[in-house]
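*Asks:* This structure is in structure tokens; I'll ask about it shortly.
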């Protein structure tokens, strides 16, 4: 059975992992006949957003602790990640990818990436294993690798910032997957487009299917 490592960035679209993308990715992996473990860095969130009002809250939260909500407690600190155990890496989106896993939301193509996230991406890539990224999370992969072909959908400003890493951007629509076979990178736009939950499910299923096809070649 193939096994995925999923990296989360908290819980909730505005300051962590996008919950629909995360849970539907888990479901897609299971439906594809594979399994997964969930990881998150044990770090503070950049900030905490009230998801009802949109206001920044005067409190601190931990990325690993918050991501454990989505994982139902079955989660590991990213410091324990071992690329040799897994066949592929998958990263759902949500602003946490651009605020916690990296500083892309604030610094664009001049951003930094959390050292444990960078180490995990490099280890999987150097082992020539697939990396899947949904929504905004392709920018994290691009920031680390500095090469490859990606999609974040159709947003021109984000696409330009992405290309600042020296990579190629492909404009895509709902459920479409950009496949970079040379670098083993699989990306799909999800909520970077004005999407509904059914379209998110299609994106998660399609990117998982593409990765599985690559693994089974």
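In this note's numbering, the protein residues as written are 17 to 233.
All residues carry an ideal CB built from backbone N, CA and C; glycine is no exception.
Determine the closest residue to residue 95 out of 115, 121, 130, with distance taken between C-alpha atoms.
*Replies:* Counting from 1 along the chain shown, the entry for residue 95 is found at position 79. Ranking 115, 121, 130 by Cα distance to residue 95 puts 130 first.
*Asks:* If you draw a straight line from the C-alpha of residue 155 to the C-alpha of residue 202, how long is it?
*Replies:* Mapped onto the chain shown, residue 155 falls at position 139. Mapped onto the chain shown, residue 202 falls at position 186. If I take the Cα positions, the gap works out to 12 angstroms.
*Asks:* Do residue 217 and residue 190 count as a contact pair if the criterion is CB distance below 8 angstroms?
*Replies:* In the chain shown, the residue the question calls residue 190 occupies position 174. In the chain shown, the residue the question calls residue 217 occupies position 201. Not a contact, by the Cβ cut-off of 8 angstroms.
*Asks:* Rounded to whole angstroms, how far is the Cβ of residue 230 from the Cβ of residue 108, which I believe are closer than 8 angstroms?
*Replies:* For the purposes of this step, residue 230 is taken as residue 214 along the chain shown, with counting starting at 1. For the purposes of this step, residue 108 is taken as residue 92 along the chain shown, with counting starting at 1. Not quite, the Cβ-Cβ distance comes to about 19 angstroms (not below 8 angstroms), so this is no contact.
*Asks:* Would you give the residue range spanned by the beta strand (DSSP E) that residue 185 belongs to?
*Replies:* Numbered from its first residue, the chain shown carries residue 185 at position 169. Residue 185 -> beta strand (DSSP E) spans 184 to 187.
*Asks:* Terminal residues of the continuous beta strand (DSSP E) containing residue 235?
*Replies:* Within the shown structure, residues of the chain are numbered from 17 to 233, placing residue 235 beyond reach of any answer.
*Asks:* Whose CA, out of 39, 172, 161, lies closest to the CA of residue 128?
*Replies:* Here residue 128 refers to the residue found at position 112 when the chain shown is read from its first residue. With distances taken between Cα atoms, residue 128 lies closest to 161.
*Asks:* Could you tell me which of 139, 98, 194 sits nearest to residue 222, measuring between CA atoms?
*Replies:* Taking the chain shown and counting its residues from 1, the one referred to as residue 222 is at position 206. Comparing Cα positions, the closest option is 194.
*Asks:* Quick one: measure Cβ to Cβ for residue 91 and residue 80, integer angstroms, because I've assumed they're closer than 8 angstroms.
*Replies:* Here residue 91 corresponds to residue number 75 of the chain shown, with the count starting at 1. Here residue 80 corresponds to residue number 64 of the chain shown, with the count starting at 1. The pair is a contact, with the Cβ atoms about 7 angstroms apart (cut-off 8 angstroms).
*Asks:* With respect to the beta strand (DSSP E) encompassing residue 208, which residues constitute its N-terminal and C-terminal limits?
*Replies:* Start at 1 with the first residue of the chain shown, and residue 208 comes out as number 192. No beta strand (DSSP E) holds residue 208; DSSP gives it neither H nor E.
*Asks:* CB-CB under 8 angstroms to residue 116, same chain, minus the five flanking residues each way: which ones, in chain order?
*Replies:* Here residue 116 refers to the residue found at position 100 of the chain shown. 25, 26, 31, 32, 57, 59, 61, 62, 79, 130.
*Asks:* Count the other C-beta atoms from every protein chain shown that fall within 10 angstroms of the C-beta of residue 144, then say buried if there are 16 or more, exposed otherwise.
*Replies:* Counted from its first residue, the chain shown places residue 144 at position 128. Counting Cβ neighbours within 10 Å, residue 144 comes out exposed, since fewer than 16 surround it.
*Asks:* From the DSSP output, in three-state form, read off residue 80 for me.
*Replies:* As a first step, residue 80 is located in the chain shown; it is residue number 64 there, counting from the start. Of the three classes helix, strand and coil, the one that applies to residue 80 here is helix, per DSSP.
*Asks:* For residue 136 and residue 97, what's the separation of their Cα atoms in angstroms?
*Replies:* Numbered from 1 along the chain shown, position 120 holds the residue referred to as residue 136. Numbered from 1 along the chain shown, position 81 holds the residue referred to as residue 97. So the two alpha carbons sit approximately 7 angstroms from each other.
*Asks:* How is the beta strand (DSSP E) around residue 106 delimited, first residue to last?
*Replies:* Reading the chain shown from its first residue, position 90 is the one you call residue 106. 104 to 107 is the span of the beta strand (DSSP E), which, as asked, contains residue 106.
*Asks:* Please identify the residue among 181, 208, 166 whose C-alpha is closest to the C-alpha of residue 199.
*Replies:* Taking the first residue of the chain shown as position 1, residue 199 is located at position 183. Of the listed residues, the one whose Cα sits closest to residue 199 is 166.
*Asks:* Terminal residues of the continuous alpha helix (DSSP H) containing residue 158?
*Replies:* The sequence position of residue 158 within the chain shown is 142, counting from 1. Taken as a continuous stretch (DSSP letters only), the alpha helix (DSSP H) holding residue 158 covers 154 to 161.
*Asks:* Leaving aside the five residues before and after residue 169 along the sequence, list all residues of the same chain whose C-beta is less than 7 angstroms from its C-beta, in chain order.
*Replies:* If you number the chain shown from 1, residue 169 lands on position 153. Result list for residue 169: 188, 205, 208, 209, in chain order.
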